[in-house]
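Asker: Please see the structure below; I have some questions.
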Amino acid sequence: MANEENESFAVIGLGTFGATIARELARFGNHVLGIDIEEKNVTRLADEVAEAIIADGRDEEALREAGVGRYDVAVIAIGEDLEANILCTMNVKVLGVKTVWVKALSRTHHRILIKMGADRVILPEQEVGQHIAQMLHNPLVHDYVSLGNGFHVVDFRVPEDLDGKPLADVELSDKFDIRCLGLMRGSDFLAGDAGVKLATDDKLLLLGRRKDLRRFGDSL
């Protein structure tokens, strides 16, 4: 069902969260099947994804008829109905979907889904809250991505205090145990060579542990 470059996704639950995922996946050129029990949610998304059908995620046979088992990835984005969320997760696993991402409603729910074999469990409010708190804590942090095992890549804006200084003078590696992957200057990407001179509003792409990145940010 997927082409050579893109995967196929079944997104089950087309509220705000699920519909956003489905739209973005489709925009990237993926084959997306949207499923929801509510007709209005399906109708709203019908022109934006490859397929959109009305079905109950709790019904294994309905998902089988929809061909969910042939998709590369299933995203369970069912919102407040805990029972429907868990049953749908169980159903897509039974149907043989290789990769299953699920929206969790709580930490207890998170543990249940992990034990059921979900490949990735998402707590949207918590993850977004952590993301925002990180940027509020240090305004120089424009964005960041968690890589797991405690490591993050941070998009860090160069302040005026570092303008004109060679990257080597910042002592990222020696003093903070941080690695510079490179920097963005406008639309240009520059290698993170020790001799490159920094300019205000350059964006450093820094790799390191959260505590070390925080220590570096607090030092400025």
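Okay, so the sequence shown: first residue is -10 according to this note's numbering, each after it adds one.
The beta-carbon is built from N, C-alpha and C at its ideal position, and this holds for glycine as well.
Pull up the distance between the alpha-carbon of I65 and that of V185, whole angstroms please.
Answerer: 46 Å
Asker: In chain order, which continuous runs of the beta strand (DSSP E) of length 3 or greater are located wholly inside the stretch 34 to 98?
Answerer: Entirely contained in the stretch 34 to 98, the beta strand (DSSP E) runs reaching 3 residues are, in chain order, 40 to 43, 62 to 65 and 88 to 92.
Asker: Just the C-alpha distance for R109 and W90, rounded to the nearest angstrom, thanks.
Answerer: 5 Å
Asker: So, with DSSP's three-state summary, where would you put F(-2)?
Answerer: In the three-state DSSP reduction, F(-2) falls in the strand class (E or B).
Asker: When we look at the beta-carbon of S208 and count the other beta-carbons within 10 Å, is it buried (16 or more) or exposed?
Answerer: The residue is exposed, with fewer than 16 neighbouring Cβ atoms inside 10 Å.
Asker: Based on the DSSP output, what are the partners of F178 in its beta bridges?
Answerer: M173
Asker: Identify which residue in E50, A44, S162 and R174 has its Cα closest to the Cα of R146.
Answerer: R174
Asker: Can you tell me which of E54, G2 and R198 puts its alpha carbon nearest to the alpha carbon of V134?
Answerer: R198
Asker: Looking at the structure shown, is S208 part of a helix, part of a strand, or coil, going by DSSP?
Answerer: In this structure, S208 counts as coil in the three-state DSSP scheme.
Asker: Alpha carbon to alpha carbon, how far is E72 from G23?
Answerer: 20 Å
Asker: Give every residue of the same chain whose Cβ lies closer than 8 Å to the Cβ of N19, excluding the five residues on either side of it in the sequence, and list them in chain order.
Answerer: Non-local C-beta neighbours of N19 in its own chain, meaning closer than 8 Å and more than five positions away in sequence, comprise A(-9), N(-5), E(-4), S(-3) and F(-2), ordered along the chain.
Asker: Below 8 Å on the Cβ atoms is my guess for V57 versus V81; work out the distance and round it to an integer in Å.
Answerer: Separation of the CB atoms of V57 and V81 is rounded to 6 Å, and the pair is thereby assigned contact status at 8 Å.
Asker: Residues in its own chain within less than 6 Å of A8 by CB, not counting five upstream and five downstream?
Answerer: L34
Asker: Using three-state DSSP, classify V185 as helix, strand or coil.
Answerer: coil
Asker: Just curious, the alpha helix (DSSP H) that I10 is in, first and last residue?
Answerer: T5 to R16 is the extent of the alpha helix (DSSP H) around I10.
Asker: By how many angstroms is the C-alpha of G46 removed from the C-alpha of A107?
Answerer: Here the alpha carbon of A107 sits roughly 16 Å from the alpha carbon of G46.
Asker: Can you tell me whether DSSP reads P148 as helix, strand or coil?
Answerer: Note: P148 maps to coil in three-state DSSP.
Asker: Please report how far the alpha carbon of V83 lies from the alpha carbon of I75, in whole angstroms.
Answerer: 12 Å
Asker: Use the C-beta contact count for K29: other C-beta atoms within 10 angstroms, 16 or more gives buried, fewer gives exposed.
Answerer: exposed
Asker: In whole angstroms, give me the CA-to-CA distance for T88 and D190.
Answerer: Rounded to whole angstroms, T88 to D190 spans 40 Å at the Cα level.
Asker: Go through its chain and collect everything with a Cβ distance to D93's Cβ below 7 Å, but skip five positions before and after it.
Answerer: The sequence shown places Ala at residue 93, not Asp. Hits under 7 Å: H99, L102, V110, I111 and L112.
Asker: Can you list, in chain order, the residues of its chain with a C-beta nearer than 7 Å to that of A11? Leave out the 5 residues immediately preceding and following it.
Answerer: V0, L3, V21, G23, L34 and V38
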